[in-house]
Every structure is written in structure tokens, then in C-alpha cells.
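Peer 1: Following this message is one structure expressed as C-alpha cells.
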Amino acid sequence: MKLKRGKMLIDPPASASSDIAFILIIFFLVCAAVQPETGLAQVLPKTEEKKEQQEQSKNIEVSITPTSIVLDGSPLQLPEFTQRLNAALQKKTRETDRVVVVKSAPNTPYPIWIRVSQVIEQAGGILTLELESKRTITVE
21 MKLKRGKMLI
31 DPPASASSDI
41 AFILIIFFLV
51 CAAVQPETGL
61 AQVLPKTEEK
71 KEQQEQSKNI
81 EVSITPTSIV
91 LDGSPLQLPE
101 FTQRLNAALQ
111 KKTRETDRVV
121 VVKSAPNTPY
131 PIWIRVSQVI
141 EQAGGILTLE
151 LESKRTITVE
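Taking my numbering, I'd label the letters of the sequence shown as residues 21 to 160.
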């Protein structure tokens, strides 16, 4: 005797759908991370140079070479440098005016550099290094 056969429905395994969903989520996360982010266009205000120049005094500049110490363009030896730096910094009342910009030649001995930086700190100056670097800034 033959039995009547009906249509059989076959369901895919339940684990396959979760694997496919996980792979799609990863795919969209990777694709979304590759797109470059764009920010809002901004127009930066210009500073008023005249007022800023009046408020800001000229910083003291020190150049160190292996043979001499140059304070604001005049070469000095260490004892004379200490006296002139102390006198220049005593005239400065605000902390922002006590900045001392130090430029150093590449072949300057380390003990000389350390001694000059100690003199600047002892006189109450704020030591700032001037580094040579080339930067290009493009503003659109």
C-alpha cells in the first residue's frame, strides 16, 4: 500500500540567520568607518593686531652658541649675561612678559645650555625654546 505524500516544508537552520545578520552588521560598520568625516565650515575672526601689540611687550631673546651667549643681539659672557638678564626681568611685572625665548646652535655643549637655562629660571624668567620647523597652513 502506498501512502499519499504531501509537500514537505524545510526550514533553514536558525543559526544561519544570526550568522548572516552578524556579517552584515560588521560589513556596514567597516564601510561607515572608511568614509571621511567632514566638519562644519567656519570663518575665524581676525585678531586686532594694534591692541595686541600695545598690550604685549617684546620677549627677551637669548641665542646660545659654543663660544658666546647673545642677549637681544649683544654677545655676552656668562657673568655679564646673568646681570643683564636679571635687570631686564626686574622691569617686567606681568608673568606673560617674563618669557625668555632661547635659540640654541646644534653644536652647543650641553653644560653651557643647562647653565644658561638655570640662570634664566633663577632670574624669574619663563624658559621657552624656539625650534626650527617648517609648517604649511592652508586656510580655505
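Beta carbons: idealized from backbone N, C-alpha and C, even for Gly.
What's the gap between the Cα of Leu-96 and the Cα of Val-136?
Peer 2: The alpha-carbon atoms of Leu-96 and Val-136 are separated by roughly 12 Å.
Peer 1: Per DSSP, what are the beta-bridge partners of Glu-81 in this structure?
Peer 2: Beta-bridge pairing links Glu-81 to Val-121.
Peer 1: Within the 8 Å Cβ cut-off, does Leu-98 reach chain C?
Peer 2: Looking at the structure shown, chain C is missing, and only one protein chain is on hand.
Peer 1: Just to confirm the assignment, what range does the beta strand (DSSP E) spanning Ile-157 have?
Peer 2: No beta strand (DSSP E) contains Ile-157, which DSSP labels as neither H nor E.
Peer 1: Is Thr-116 helix, strand or coil when you go by DSSP?
Peer 2: Note: Thr-116 maps to helix in three-state DSSP.
Peer 1: Please state if the CB of Val-50 and the CB of Val-82 are separated by a distance shorter than 8 Å.
Peer 2: It is not a contact, given that the beta carbons lie outside the stated cut-off.
Peer 1: Cβ atoms of Thr-128 and Thr-85: under 8 Å apart, would you say?
Peer 2: Result yes, Cβ atoms of Thr-85 and Thr-128 sit closer than 8 Å.
Peer 1: Would you grab the beta carbon distance between Arg-104 and Gly-145 for me? Rounded to a whole angstrom, and I think it's under 8 Å.
Peer 2: Incorrect: roughly 12 Å between the Cβ atoms, too far for contact.
Peer 1: Which word fits Phe-101, buried or exposed, when buried means at least 16 other C-beta atoms lie within 10 angstroms of its C-beta?
Peer 2: Result: buried.
Peer 1: For the candidate residues Pro-126, Asp-39, Lys-111, whose alpha-carbon lies nearest to that of Ile-80?
Peer 2: Considering only alpha carbons, the answer is Lys-111.
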